[in-house]
Every structure is written in structure tokens, then in C-alpha cells.
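Enquirer: Just passing along the structure, written as C-alpha cells.
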Amino acid sequence: MRTPLIILLSSLICFNVQGSEKLPSLAGSTNSSYQLEQERALGQAWMRMMKAQAQLLDDPIVESYLKDRLWYLSPFSELQDKRLDLLVIDQQEVNAFAAPGGIIGINAGLLLATETEDQLMSVIAHELAHLSQRHFAQQQAASEKRQPLVLAGIVGSILLSSINPNAGAAALQGTIGASENARLSFSRQNELDADQAGMRTLVAAGYDPQAMPQMFAQLAQANRFSGSAVPEFLRTHPVTESRIADSTNRAMNLPSASTEHRDHQNFMIAKARAAVKYGAENQLFNNSELDESAKHFTHYLKALSVNNNEEAQNHWEALSKSWQQHPWVQLSRLTELSLSGQPTEPLMEELMDLYPNDFAVQATLAKSYREQGNVLQAISLYRKLLRDHPNNTLFLYHLAELYGLINDIEQLHRTRIEFFFQRAEFDLALRQVEFARRDARNNRVQLGWLEQREREIRADQLRFDELFK
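Its first residue numbered 122, the sequence shown is counted upward by one per residue in the working numbering.
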């Protein structure tokens, strides 16, 4: 069986990444197409393993919003390779990270720490800048051996901290003690470079460059009152007074922001959902940017979460028309209708017809069908979603459970095989192949599919072994 990721990451972090007196400049092999593809392969591998260990957020609305903002910002960045993957981690702690291969990770709690969409985008722009400035490649090039395992250690320590910040910090001590240049926490110059590149991205995308120093100042201020609990983002992205001053001065000399690109309502909807999930409504209400409808929507979600349908209805009626008609707000009504014993099918069918390609709508409807016991409708929607998002392990997990409910053993096995495969749990995937083969008996089509899939799984397992040998 594959070593658990926490243990494996810890061992990689402790790999000796010293052996250099100074980080090299960006040149030569660090920018080669081979190097980029190597990072991409390693990043994709780690992302699959992360899915088996990290608690991913199961909120299609928040995920859809963050993905949309990442895709909007990406073309304005200085990335050579704009292939990106987003992981939304179900943690309240403020954190965001970038890892080689185009991986961007965002803790859902980051939404609670940002007062405006511009501030949220400043963090995303900063992480994109770490990728575009090739800071990870510099760390790899700092090793005399220049082995893939060095980069594995860098990626591993980032991802370990996102799974368990305390474990990540403890494991890093053994690495950073040997050489200051080998530390995971980006160097002061790296941070300044990322600030500058991130600001250029913000301005190009039409956002307010002042949002970046504002965000830094808010994090620094919050940290002063947090005691010993330093947010992971500040552990790996240390904020100093001089850095805040430098970013403020730079922002003052940059063009002011436009307003046409902003998605204030979607930002507030996602922020409200995160606040209610983590019981942080009061933190949200302190936000000066919060309008009355946003407040009522937050109260509405909170009332639904405690099954108080009467209070929820009062706050619904206080929402403006633009809020009531928003598809993501309409999705929340499904819970209200269900609590009051009213039929949900008419609204579900209306939303499905109006927004056939909207990820948040379709995924939330699939979840609603599943929770209401409408198994066949849920299966149909999850199958449709997986055609466009074949690597979504949450969809695969739910689909497998649904096949079990209708006793479709063939599809149950196939879906479980894909679930474990996408999480890089090869031994479990192969074990599921054996279970499926036993149940297939004389089903030649199923047996043929299983034989082919087993070959593919073993080949992928070998590729993983090559990456980390």
C-alpha cells in the first residue's frame, strides 16, 4: 500500500536541500520546456495525492466563484504556462499557496479575511506571481544534485502545511535549519518580486493595486492579536512594516482601478456561505463593504442552518430583487422549501433549464437530488458533470454511493476504481479491480474493460515511481 501522504511528505521535506551558497538567477534550465513539463507532472501528481489527504471544500458555489476569479486573473499574469488547477481547502485558517506545476490552493477561510474582491484578488495575483517568477525553480536549481526529489521536497512541504499547518511548520524546522536559502518560506526578495509582479497583474486586470498593501496591513494587524497562532500564510509569506510601506508606495504610482470587472455580489454570496459554515457571521458583519442585502442573506443562510424556517423567510423577504433572482441565492431556497414541506422540483427544473452549463447550479442540484433521495436524477447529473470534470473526486465518491443504492454493481466498481485512481491510491484502485473481476463472472465486456483499466493503472503507478525515485 502506498505510504500515507503525511509521512511521505515529511520524509521528502527532510531531504537535504542545502548545498548552495546563494540562489541562482532565473536562467538556463529553470526556464526550459523540459523543466516546465517536469514541474507540471510533479504538480499534477502531488495534487492527486492531496485529494486523498486534504479536506476539500464541498461547496460548489464557493468553488465556482474562486475558480471563476482565478480564470479571470490568469490571462493578465506573467505566467508562461497558464495551465492551472485550483484546490479549495476546507479550513478556516487564512492561507493560500502556489506549488510548481500550476497548482493554486486557497483555504475557504481566506474569504473571511478579505473585505473586498480586490483584496482577495491581490492574494491570488501574489500566488500567481510566485509561479511566474519561477521561485520554486530557483530553489531546485540551488541544489548541486538538481534532482527531482529536491522539487518534490519543496512541493511536499507546501502541501503538507495546507493539510496540517502545525505538522508542516514542525517538519520544516529540520529543513530550514540547515540553510537559510533552502527554506520554504520565500526569501524577502522573492516576496518583493511577487508583490511587484502581482500588482502588475492586478492593474492589468483592472483591480485596485492598493488592495495588496491593505490586505497585508489587515493580516499583520490581525496577527498582533492572535497570540501564538500565526496564520500559515504569514509563516510562509512574512509581512513586515517595510514591505507594507513599499507596496503602498508602489500602488500609489499605479493606475487606479476600473469597476466593470468586479463581481461584488458573487463575492458577498461566497463570503456569506463561508461565514455561516465556520460560524463567523460576526466577523462578516464588521465588514464596512457589506450592504443590507448581503447581511440579510447571511442571516438567511444562518437561519436555514439551524432549521429556523420562519426567520429565514423574514430575511428572504428583506432581500432586494437582484439578490432574490440571483441563481446562487435561488439555490439556497431549495433548503427553505424543503424545510417548509413545499415541493422543490419546480424550482430545480427551472434552474436546470435556465443554467444548463453553470457548474455551481448543476453541482448543487445534483447534491439536492441526492439528499432528497432522488437517486436516478442525481446519477444523471453527476454523470453529466463528470464528462466536463473527470478528475473531480467528490463527484466520483457521491456517484459511487448512488450506484450502490440502486445495486448497480458494475458501475459501482467502475466508479470506485476511478475515485481511487484520481487520488493516486493505486493499490486501492487495483484491489477494486479484483473485486469487480470477481463480480463480473462471465460478463466479457466488463472483464475486457477491467483488463485494460488495470494496465493503465499499473502504467500510471510506474510513472509516479519514476517521478519520485
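Built from N, CA and C at the ideal position, the CB exists for glycine as well.
Suppose you measure from the CA of Met336 to the CA of Pro221; what does that come to, to the nearest Å?
Expert: Roughly 24 angstroms between the two C-alpha positions.
Enquirer: Taking 8 angstroms as the CB-CB limit, is Trp437 close to chain D?
Expert: The structure shown contains no chain D, having only a single protein chain.
Enquirer: Using 8 angstroms as the threshold, is the C-beta distance between Glu238 and Asp384 below it?
Expert: Against a cut-off of 8 angstroms, the Cβ pair of Asp384 and Glu238 comes out as a contact.
Enquirer: Look up Asp598 in the DSSP assignment and give the residues it is bridged to.
Expert: Nothing in the structure corresponds to residue 598, since the chain is present only between 122 and 590.
Enquirer: Specify, as a first and last residue, the run of the alpha helix (DSSP H) that Arg558 falls within.
Expert: Unbroken alpha helix (DSSP H) run through Arg558: 547-561.
Enquirer: Identify the residues that DSSP records as bridge partners of Leu177: which are they?
Expert: Beta-bridge pairing links Leu177 to Ile210.
Enquirer: So, using beta-carbon positions, are Ser243 and Ser198 closer together than 8 angstroms?
Expert: Against a cut-off of 8 angstroms, the Cβ pair of Ser198 and Ser243 comes out as no contact.
Enquirer: Of the choices Ile182, Ile390, Leu583, Glu546, whose alpha-carbon is the least far from that of Met171?
Expert: Taking only the C-alpha atoms, the option nearest Met171 is Glu546.
Enquirer: Might you give, ordered along the chain, the residues of its own chain that have their beta carbon closer than 6 angstroms to the beta carbon of Gln213, omitting 5 neighbours on each side?
Expert: Taken in chain order, the residues that qualify are Gly230, Tyr399.
Enquirer: Do you know offhand how far Leu305's Cα is from Leu207's?
Expert: No answer about Leu305 holds up, because its pLDDT of 44 lies below 50 and its placement is not dependable.
Enquirer: So, Ala250 versus Thr322, is the Cβ gap smaller than 8 angstroms?
Expert: Yes, they are a contact pair.
Enquirer: Please classify Ser146 as buried or exposed, where buried requires at least 16 other C-beta atoms within 10 Å of its C-beta.
Expert: Interpretation of Ser146 is limited by its pLDDT of 35, a score under 50 that renders its predicted location unreliable; the figure taken from the coordinates is listed afterwards. Its Cβ having fewer than 16 others within 10 Å, Ser146 is exposed.
Enquirer: Counting along the chain, where does the alpha helix (DSSP H) carrying Asp474 start and finish?
Expert: Asp474 -> alpha helix (DSSP H) spans 466-475.
Enquirer: For Ala219, name the three-state secondary structure that DSSP assigns.
Expert: Here Ala219 sits in strand by DSSP.
Enquirer: Can you tell which of Gly494, Pro448, Ala521, Met389 has its C-alpha closest to the C-alpha of Arg504?
Expert: If we check each option's Cα against that of Arg504, Ala521 comes out closest.
Enquirer: Quick check on His417: does DSSP put it in helix, strand or coil?
Expert: DSSP places His417 in helix when its eight states are reduced to three.
Enquirer: Hey, would you say Trp449 sits closer than 8 angstroms to Ile390, going by beta carbons?
Expert: Yes, the pair counts as a contact, with Cβ atoms nearer than the cut-off.
Enquirer: Pro181 to Ser377, Cα distance in whole Å?
Expert: One C-alpha to the other measures close to 33 angstroms.
Enquirer: Within 10 Å of its beta-carbon, does Asp509 have 16 or more other beta-carbons around it, so buried, or fewer, so exposed?
Expert: Per the 10 Å Cβ criterion, exposed.
Enquirer: What distance in whole Å lies between the Cβ atoms of Leu440 and Phe406, which are believed to be in contact at a cut-off of 8 angstroms?
Expert: Going by Cβ atoms, the distance from Phe406 to Leu440 rounds to 16 angstroms, so no, they are not a contact pair.
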